[in-house]
Amino acid sequence: MLKYHINIFYSEDDEGYIATVPDLQGCSAFGETPEEALKEVLTAQELWLEAVADSGWEIPEPKYKPISYQS
């Protein structure tokens, strides 16, 4: 499976953690803890990739890298 970067941040508006996969448009999840948000977004990522594969669309290559990871 391709490895995609995941962002996790606290949302005061939602009073919980949001996890997103920047390379997969609209792929995000909520959790009351960072660990729960991660678990949920990994499930969302799997379902997102399955839906794209089933539709015959091309699965995007991982490209997103936060600037702190770039050399």
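All residue numbers for the sequence shown refer to this note's numbering, where the first residue is 5 and numbers rise by one. Even for Gly, the Cβ is constructed at its ideal location relative to N, Cα and C. Quick caveat, the model's predicted, so the values are computed rather than measured.
Check: Quick check on the DSSP output: the beta strand (DSSP E) that includes Ser-15 runs from which residue to which?; Outcome: 11-15
Check: For the candidate residues Glu-16, Glu-44, Ile-63, whose alpha-carbon lies nearest to that of Ala-23?; Outcome: Glu-44
Check: Could you have a look at Ile-22 and say whether DSSP puts it in helix, strand or coil?; Outcome: strand
Check: Considering just the uninterrupted stretch of the beta strand (DSSP E) at Ser-32, what are its terminal residues?; Outcome: 32-35
Check: Relative to the C-alpha of Pro-38, which residue among Leu-28, Pro-26, Asn-11, Glu-50 is closest?; Outcome: Asn-11
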